[in-house]
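Q:
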Amino acid sequence: MKIEYKRNHPLAQIPEYKTAGAVAFDIALVEDLTIAPRAITKTRTGLIINVPDDHALIIASRSSNPLKKGVDLANSIGIIDSDFCGPNDEIQLLISNLTNTAVELKAGDRVAQGIFVPITKAQFTEVDKMSAPSRGGLGSTGQ
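The structure is reproduced here in structure tokens:
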């Protein structure tokens, strides 16, 4: 799958897979940040990515972030739709400082990763009652 992208900042890193088996590409910061304890900061990636129709780009935190950097993505994942690719639609990240001290991140730090996933849109039909029995939920099957 070929993906068009635009670097909207001179420090934006070209999206690339770091290993042959990687399913996600890394996303780096384009600015230095100091995030106050337990705070959330919005930051830039410098990337506009043209997501193909019938796909979404899922943005997730890199698995090492909490342990190595003390941060995580505040919204757990981000979802980039195929129509979010205008000239000002730069991907931004919400980064949460998980620690009780200020955290410094540098331009070039890879803090997120992106994965393209195919999407099937549902056609919703309202019904009077559901055909399956109720299961419970929220831990109803035990520990």
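Numbering (my numbering), first residue to last: 4 to 146. Beta carbons are placed, not taken as given, at the ideal position from N, Cα and C, and that holds for glycine. Note that the structure is predicted; figures quoted are calculated from it, not measured.
Please name the residue, chosen from N100, K71 and N53, that lies closest to C88 on a Cα-to-Cα basis.
A: Among N100, K71 and N53, the Cα nearest to that of C88 is on N53.
Q: Starting from the N-terminal side, write out each stretch of the alpha helix (DSSP H) that is 4 residues or longer and does not extend beyond the segment 75-126.
A: Runs found: none.
Q: Nearest to G49 by alpha carbon, out of E34, I43, P55 and A59?
A: Checked all of E34, I43, P55 and A59; the closest Cα to G49 is E34.
Q: Can you pull the DSSP bridge partners for R47?
A: Bridge partners of R47: Q95.
Q: Hey, could you find the ends of the beta strand (DSSP E) D29 is sitting in?
A: Looking at the DSSP string, the run of the beta strand (DSSP E) that includes D29 is F28 to A31.
Q: With a threshold of 7 angstroms on Cβ separation, who are the neighbours of E93 within its own chain once the five nearest residues in sequence on each side are excluded?
A: Excluding positions up to five away in sequence, the list reads N11, R47, T48, G49, L50 and I51.
Q: Within 10 angstroms of the Cβ of G117, are there 16 or more other Cβ atoms? Answer buried if so, exposed if not.
A: With 16 or more other Cβ atoms within 10 Å, it is buried.
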